[in-house]
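Participant: Numbering (the numbering used here), first residue to last: 1294 to 1404.
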C-alpha cells in the first residue's frame, strides 16, 4: 500500500492567520457544515447531554470527503475531547450525530 502525498498549504503560524471557534452547539442528525474553507483543526470537544448512546462522524470537505472521526460512540453524560495540533481539513469540516440535539460540539481551527 502506498500513500499519496500532496502539497497542502502550510499551517498558518504567523500573526495574520485567524483562529476560529464555534459557539458550543447541538450537532444535528443531518450533515452540517461547520467550516466552509480549508482549515487546520486544533481542538474538538463533544459532550453527550442525552440519556442514550450516540455516534458522531466528522469529515473534511474535499471532493471525496475523508473522516477524521467515523461513527465514534459517546455514552450518556460522557465528554470526548481531542487536541489535534493542526489536522488539515481541505475544503472545511462537517459533522453529524446519530441523534439530533443530543451531542454538544465545539471546535477550534486555524485559517
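No residue lacks a Cβ here, since even glycine has one placed at the ideal position from N, Cα and C.
Quick caveat: nothing in here was measured; it's all calculated off a predicted structure.
#1: On the DSSP bridge list, what partners appear for residue 1367?
#2: Assess contact between the region 1377-1386 and the region 1331-1341, defined as three or more Cβ pairs (one per stretch) separated by less than 8 angstroms. Is contact present?
#3: Could you have a look at residue 1296 and say whether DSSP puts it in helix, strand or coil?
#4: Three or more C-beta pairs under 8 angstroms: does that hold for the region 1361-1370 against the region 1316-1324?
#5: In terms of residues, what are the limits of the beta strand (DSSP E) holding residue 1329?
#6: Residue 1359 and residue 1350: beta carbons closer than 7 angstroms?
Facilitator: Answer, in terms of the structure:
#1: Here residue 1367 refers to the residue found at position 74 of the chain shown. Partner(s): 1347.
#2: Below 8 angstroms, enough C-beta pairs join the region 1377-1386 and the region 1331-1341 to call them touching: three or more.
#3: For the purposes of this step, residue 1296 is identified with residue 3 of the chain shown, where counting begins at 1. With a pLDDT of only 39 at residue 1296, under 50, the local geometry of the prediction cannot be trusted, and the value read off the model is given with reservation. In the structure shown, residue 1296 sits in coil (DSSP, three-state: anything other than H, G, I, E or B).
#4: no
#5: Position 36 of the chain shown, counted from the start, is the residue given in the question as residue 1329. Here residue 1329 belongs to no beta strand (DSSP E), and DSSP marks it neither H nor E.
#6: If you number the chain shown from 1, residue 1359 lands on position 66. If you number the chain shown from 1, residue 1350 lands on position 57. Not closer than 7 angstroms, so no.
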